[in-house]
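Numbering (the UniProt record's numbering), first residue to last: 1 to 321.
Here the structure is laid out as structure tokens; the discussion comes afterwards.
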């Protein structure tokens with residue numbers, strides 16, 4: 001019986017939590033929470049968190065962490081805004097300022113981890129401050145705005161679909177999640193990353209290049225944060241030097257709540273997306289009930305502790321089975 005419950009929890013636990021939380025807030029705000037406009041708003045607000053959570057997922061999958069993603073959001077947003085103001089075409093600005101810059105920042109994390117041999121927690125804690133400092137320096141601690149309106153309309157706009165306006169950020173988040181899901185489920189790279197997270201020493205003995213895959217993992221995390229930086233900049237209409245502050249907590253929470261093991265080697269992108277939506281629902285529901293924003297920090301911290309505890313409990317039961 002316990003084994004059956006464990007299997008059900010692993011498969012459907014996150015989705016069940018999402019439904020339960022939605023029902024609770026639906027009861028507290030029956031005429032507002034389940035309205036079409038509010039559901040759309042939840043999906044829109046969750047898009048940035050889902051993007052960075054998908055990247056952090058890979059770092060956690062190898063039993064690491066990436067604390068720099070919030071600062072990467074700010075810095076890539078700055079790069080993109082600077083390129084737009086310099087007259088670059090929006091697509092080129094997005095590719096260079098968001099995707100490529102995010103990949104470079106992620107590669108810096110990976111290279112530092114490989115060269116120093118330090119845990120990713122230490123390296124990304126340091127680069128978190130460095131990247132934020134660079135963002136503040138190049139912006140002189142001021143927001144950058146006044147770029148082409150076509151950029152914000154394209155990246156943060158809506159696309160009509162059978163009479164329904166779908167937010168572009170949501171489509172971007174879904175597209176990135178599908179690509180990363182394919183990588184983890186259908187490619188040799190994905191299998192190697194899972195093996196590395198399960199047991200890095202065994203992975204090395206089986207011929208997996210541990211340093212190369214560590215580098216790739218942090219490049220993926222950087223790219224996801226870079227794309228999130230572009231989306232965040234487009235949504236706000238300006239590049240803020242303090243953008244993304246504290247977002248690493250929400251990204252980690254989304255990944256852990258979504259069933260990713262903090263001890264590596266276990267997790268699915270689908271669960272991360274569900275985790276991001278759970279956080280979006282909780283944030284939206286608390287706002288609708290006029291709960292002060294800082295209480296959300298307490299809720300997220302509690303959810304992380306609870307999720308890791310549950311993961312450890314089920315892992316222990318599985319070993320004892």
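Glycine included, each C-beta is placed from N, C-alpha and C at the ideal position.
| Check | Outcome |
| --- | --- |
| Whose CA, out of 128, 73 and 148, lies closest to the CA of residue 91? | 148 |
| If you follow the beta strand (DSSP E) that residue 161 is part of, which residue opens it and which one closes it? | 158-161 |
| Taking residue 90 as part of the alpha helix (DSSP H), name the residues at either end of that continuous run. | 90-93 |
| Whose C-alpha, out of 133, 25 and 51, is nearest the C-alpha of residue 248? | 51 |
| What residue from 48, 36, 96 and 16 has the CA that sits closest to residue 235's CA? | 48 |
| Below 7 Å CB to CB, which residues in the same chain sit around residue 233 once its five sequence neighbours on both sides are set aside? | 77, 80, 81 and 239 |
| Going by Cα to Cα distance, which pick from 105, 123 and 106 is closest to residue 113? | 123 |
| Need the endpoints of the alpha helix (DSSP H) that residue 120 sits in, please. | 120-139 |
| Identify every run of the alpha helix (DSSP H) within the region 9-66, keeping only runs that are complete inside it and at least 4 residues long; order them along the chain. | 36-61 |
| Answer yes or no: do residue 219 and residue 172 have a C-beta to C-beta separation smaller than 8 Å? | no |
| Look at the Cβ atom of residue 69, then the Cβ atom of residue 221, and state whether they are nearer than 8 Å. | yes |
| Taking the alpha-carbon of residue 276 as reference, which of 24, 28, 11 and 56 has the nearest alpha-carbon? | 56 |
| Using the three-state DSSP reduction, which class does residue 243 fall into: helix, strand or coil? | coil |
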